[in-house]
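There are 2 protein chains.
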Amino acid sequence: MPDSKLPGSSPHGGSPAAPGAGGVPREEVFLRACRGESVPYTPLWIMRQAGRYLPEYRALKDQYDFLTLCKTPELATEVTLQPIRKLGVDAAILFSDILVPLEPMGVGLRFDPGPILSHGIDNEAAIDALLPVDVEESCGFVMDAIRLLRKELAGVAPLIGFAGGPFTLAAYLVDGPKKPAKGGGFDAVVRMAFQRPDLLERLMSHLTTVTADYLSAQIRAGAQAVQIFESWGGILGPREFSRFALPFVQEVIRRLPKDRGPVIYFVLNGGHLLNLLDDSGADVIGIDWRTPLDEARRRLGNRLALQGNLDPRALYAPPERLRQHVDDILQRATGGHVFNLGHGILPDTPVESAQALVEFVHTLSRTGIEER
Amino acid sequence: MPDSKLPGSSPHGGSPAAPGAGGVPREEVFLRACRGESVPYTPLWIMRQAGRYLPEYRALKDQYDFLTLCKTPELATEVTLQPIRKLGVDAAILFSDILVPLEPMGVGLRFDPGPILSHGIDNEAAIDALLPVDVEESCGFVMDAIRLLRKELAGVAPLIGFAGGPFTLAAYLVDGPKKPAKGGGFDAVVRMAFQRPDLLERLMSHLTTVTADYLSAQIRAGAQAVQIFESWGGILGPREFSRFALPFVQEVIRRLPKDRGPVIYFVLNGGHLLNLLDDSGADVIGIDWRTPLDEARRRLGNRLALQGNLDPRALYAPPERLRQHVDDILQRATGGHVFNLGHGILPDTPVESAQALVEFVHTLSRTGIEER
Chain H
1 MPDSKLPGSS PHGGSPAAPG AGGVPREEVF LRACRGESVP YTPLWIMRQA
51 GRYLPEYRAL KDQYDFLTLC KTPELATEVT LQPIRKLGVD AAILFSDILV
101 PLEPMGVGLR FDPGPILSHG IDNEAAIDAL LPVDVEESCG FVMDAIRLLR
151 KELAGVAPLI GFAGGPFTLA AYLVDGPKKP AKGGGFDAVV RMAFQRPDLL
201 ERLMSHLTTV TADYLSAQIR AGAQAVQIFE SWGGILGPRE FSRFALPFVQ
251 EVIRRLPKDR GPVIYFVLNG GHLLNLLDDS GADVIGIDWR TPLDEARRRL
301 GNRLALQGNL DPRALYAPPE RLRQHVDDIL QRATGGHVFN LGHGILPDTP
351 VESAQALVEF VHTLSRTGIE ER
Chain F
1 MPDSKLPGSS PHGGSPAAPG AGGVPREEVF LRACRGESVP YTPLWIMRQA
51 GRYLPEYRAL KDQYDFLTLC KTPELATEVT LQPIRKLGVD AAILFSDILV
101 PLEPMGVGLR FDPGPILSHG IDNEAAIDAL LPVDVEESCG FVMDAIRLLR
151 KELAGVAPLI GFAGGPFTLA AYLVDGPKKP AKGGGFDAVV RMAFQRPDLL
201 ERLMSHLTTV TADYLSAQIR AGAQAVQIFE SWGGILGPRE FSRFALPFVQ
251 EVIRRLPKDR GPVIYFVLNG GHLLNLLDDS GADVIGIDWR TPLDEARRRL
301 GNRLALQGNL DPRALYAPPE RLRQHVDDIL QRATGGHVFN LGHGILPDTP
351 VESAQALVEF VHTLSRTGIE ER
């Protein structure tokens, strides 16, 4: 099913940021930026770059449901490659969902279109009933997709694997099948943190093992970098984050294979937590659109690379204003920098805007780097 | 309908922070703290203190729907007084909803249980069709409730009026009757900010007039302080907040009567905006639970008072741990400080926890102040 007609050496036409510029192999630019090494231009990828804004994704989605796409290696591979062909981004990220490991724990999962869990894990008995997970066996389709993708992507772009942060998985599990609240939600897991910290720690401990195993398997299968999505970490104040989220993600990262590539840790809405993240064990910290990168750098220190942080809604602006927004972010970035949105790309984003974004980031960063 | 059996001089029993301590009239403590003046103990009120966690509120809610409670001055008065009787908080806040002024603009509104608008104001024609509002006429029930409340509360507690921030009203209006997204939402107004800034500014301008008129009328009717709830300001990055939210709230505050009491500006999830808020024109900045008060003080400067910021979910903790959380906040507070939660109290919060909170804040702050 994967169409191996990937773009050749120049996926974005006549861009002055043509891959391989400056003698750095195209596949290496993203990985070097993650490590804070010098790069010929700022690499970028886009959270949810494989998704509904692409007509070729919607065509597949008309034929297959979301979980079938995730669980069929050939389909997941095809979807993962779509934005590489269409946009010429500098890294591919496996098409999957952070909740995939919940099913083998014994929690039913469907999507309509957001995730709906079969039941909440909000008491001692439910926590103790969660199953241990043999990730190679129960999530083998993920590792198969990674192996397929590495073949397809050789010489073109590195492959990022991913998982949800253990606290974020806990937020979904404790909440269970509840209806969403506008702009809010996930009170249940924070309530557990205050009311029964012992229970939440027990749940976190189980999720830490599963997440470490899951990411390790992805790395062994060929993922050259991994991102940990802490999508709900920002609902915690610093004191609770330090107790219920950070130590567990640190443990996940400690347990990864020694020869791993970069680890990116992205805490959505985590501006108030940045001064805690230098210690997470990750190599790159993802910043959402709320905190300007220069401010993020001040609060995080100079050691780690940053990823981000264009407001996804800026892709609705006309090209000239989009260019200004991109330029502003590049001007504020110091040290290692991987360009990305500050949250996932929205489903009705015009594809041409995403393409223009790639062009702007490559062009403006190359100019900027030459001027420095 | 209002039951005038308000607590006497000691609503919280044998608390050492008995009202009137230190020679400051009980009704003055909150207002003095807002102005950064010395107080015998830290005053507190609780966002959504009149609401579903109180059995006496639920009893009324069984008889009347939410908007009827808001629109009937005697009922709104009764509901407003309930937490004064039950908890002994240091200020009353008018029972109403920030969306009440939408109906006279021509937008249908119902609650089930969250707000559902009749249509979205997401295009030029819809914005131009919004009606001017004579607040005294169309929201007269609010002013009537305020006049009733001032009589009931004389010598007991000051009365806070409130409105939504113009940007927050815009977020609801542009979004319209859409279904909520878990943990997200309100992309439409941000999209408009990027795509059609001229349109959003036109909408903001109308909302600024309505909000200034509405708060001015509340102040003339007797509100001794007002809070502006910018519940969705935190979805904007600093650049967009500075253009689409802050100037309009500044204009609202500028247009208030000269002899007004304190203005409190609360930007939920606004930690990344704190360095912009010293200029808002408000006297007190509300801080959500995410940013510790000492950090908030560093970013905001020393001029204004702070309000906040206990995590509402801390009220599920056993009393001894709740006491520690309260103490931690009091220790971090410097300058003028009004204690509050960092967001509205949750519907299933035990009433005893809210009562214990009042006791802890009064007791611990009085001890702390004496020790200093």
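For the protein sequence lines, the chains are H and F, in the order given.
Counting from 1, one number per residue, gives the positions in the first sequence under our numbering.
Counting from 1, one number per residue, gives the positions in the second sequence under our numbering.
Ideal Cβ positions, reconstructed from N, Cα and C, are used throughout, including at glycine.
Check: Checking contacts by CB at 8 angstroms: is N340 (chain H) closer than that to chain F?
Finding: no
Next item on the list: Tell me, please, whether the CB atom of F194 (chain F) is closer than 8 angstroms to any CB atom in chain H?
Entry: yes
Next item on the list: Tell me, please, whether the CB atom of N123 (chain H) is closer than 8 angstroms to any CB atom in chain F?
Entry: no
Next item on the list: Run the CB neighbour count on T334 (chain H), radius 10 Å, all protein chains shown included, and call it buried at 16 or more, exposed below.
Entry: exposed
Next item on the list: Establish whether the CB of R191 (chain F) and some CB of chain H are separated by less than 8 angstroms.
Entry: yes
Item checked: Contact set between Y316 (chain H) and chain F, taken where Cβ atoms lie within less than 7 angstroms -> R191, F194 and Q195
Check: From V249 (chain F) to G165 (chain F), what distance separates their C-alpha atoms?
Finding: 6 angstroms
Next item on the list: Measure from the alpha carbon of V39 (chain F) to the alpha carbon of each residue in F:G51, F:L54, F:D90 and F:K61, then state which is nearest.
Entry: F:D90
Check: At least one CB of chain F closer than 8 angstroms to the CB of D112 (chain H): is that the case?
Finding: no
Next item on the list: Check the Cβ of T363 (chain F) against every Cβ in chain H and list those closer than 8 angstroms, keeping chain order.
Entry: Per Cβ cutoff of 8 angstroms: no residues; T363 (chain F) is ~21 angstroms from chain H at best.
Margin query: Are the CB atoms of L330 (chain H) and P312 (chain H) within a distance shorter than 8 angstroms?
Written below: no
Next item on the list: In the DSSP assignment, find the unbroken alpha helix (DSSP H) run with H206 (chain F) in it and report its ends.
Entry: P197 to A221
Next item on the list: Compare the C-beta of T367 (chain F) with all C-beta atoms of chain H and state if any pair is closer than 8 angstroms.
Entry: no
Margin query: Please classify F290 (chain F) as buried or exposed, where buried requires at least 16 neighbouring CB atoms within 10 angstroms.
Written below: Phe is not the amino acid found at residue 290 (chain F); the sequence shown has Arg there. Buried.
Margin query: On the criterion of 16 or more Cβ atoms from any shown chain inside 10 Å, does N302 (chain F) qualify as buried, or is it exposed?
Written below: exposed
Check: So which residues of chain H does R311 (chain F) contact, with C-beta pairs closer than 8 angstroms?
Finding: The sequence shown places Asp at residue 311 (chain F), rather than the Arg named in the question. Those are V190, F194, G237 and E240, listed as they occur along chain H.
Check: Where L304 (chain F) and V226 (chain H) are concerned, what is the direct C-alpha to C-alpha distance, given to the nearest angstrom?
Finding: 44 angstroms
Notebook entry, point to check: Looking at C-beta atoms only, is the number of pairs between the segment 93 to 106 of chain H and the segment 203 to 214 of chain H that lie closer than 8 angstroms three or more?
Noted result: yes
Check: Between G237 (chain H) and F266 (chain H), which are expected to be in contact by the criterion C-beta below 8 angstroms, what is the C-beta distance as a whole number of angstroms?
Finding: About 19 angstroms separates the two Cβ atoms, so there is no contact after all.
Item checked: First through last residue of the alpha helix (DSSP H) which encompasses Q224 (chain H) -> Run containing Q224 (chain H): none; DSSP gives neither H nor E here.
Notebook entry, point to check: For H272 (chain H) and chain F, any beta-carbon pair shorter than 8 angstroms?
Noted result: yes
Margin query: If you measure between the beta carbons of M47 (chain F) and I345 (chain F), is that distance less than 8 angstroms?
Written below: yes
Checklist line | First through last residue of the alpha helix (DSSP H) which encompasses Q331 (chain H) | finding: P319 to R332
Next item on the list: Taking F229 (chain H) and F167 (chain H) to be in contact with their CB atoms under 8 angstroms, please state how far apart those CB atoms are, rounded to whole angstroms.
Entry: About 11 angstroms; that fails the 8 angstroms criterion.
Checklist line | Residue closest to L169 (chain F), alpha-carbon to alpha-carbon, out of F:C139, F:Q355, F:V107 and F:Q195 | finding: F:V107
Next item on the list: Consider the Cβ of R290 (chain F): report whether some Cβ of chain H lies at a distance smaller than 8 angstroms.
Entry: yes
Notebook entry, point to check: If we count Cβ pairs, one from each stretch, closer than 8 angstroms, do we get three or more for the segment 316 to 327 of chain F versus the segment 22 to 38 of chain F?
Noted result: no
Check: Can you name the residues of chain F whose CB is closer than 9 angstroms to the CB of D187 (chain H)?
Finding: P312, R313 and L346
Next item on the list: Take E352 (chain H) as the anchor and find which of H:K71, H:L54 and H:L148 has the nearest alpha-carbon.
Entry: H:L54
Notebook entry, point to check: Looking at the C-beta of N423 (chain F), does it have a partner C-beta in chain H at a distance below 8 angstroms?
Noted result: No answer is possible for residue 423 (chain F): it lies beyond the span of chain F, which begins at 1 and ends at 372.
Checklist line | Nearest to L130 (chain H) (by Cα), restricted to the options H:G51, H:G140 and H:S118 | finding: H:S118
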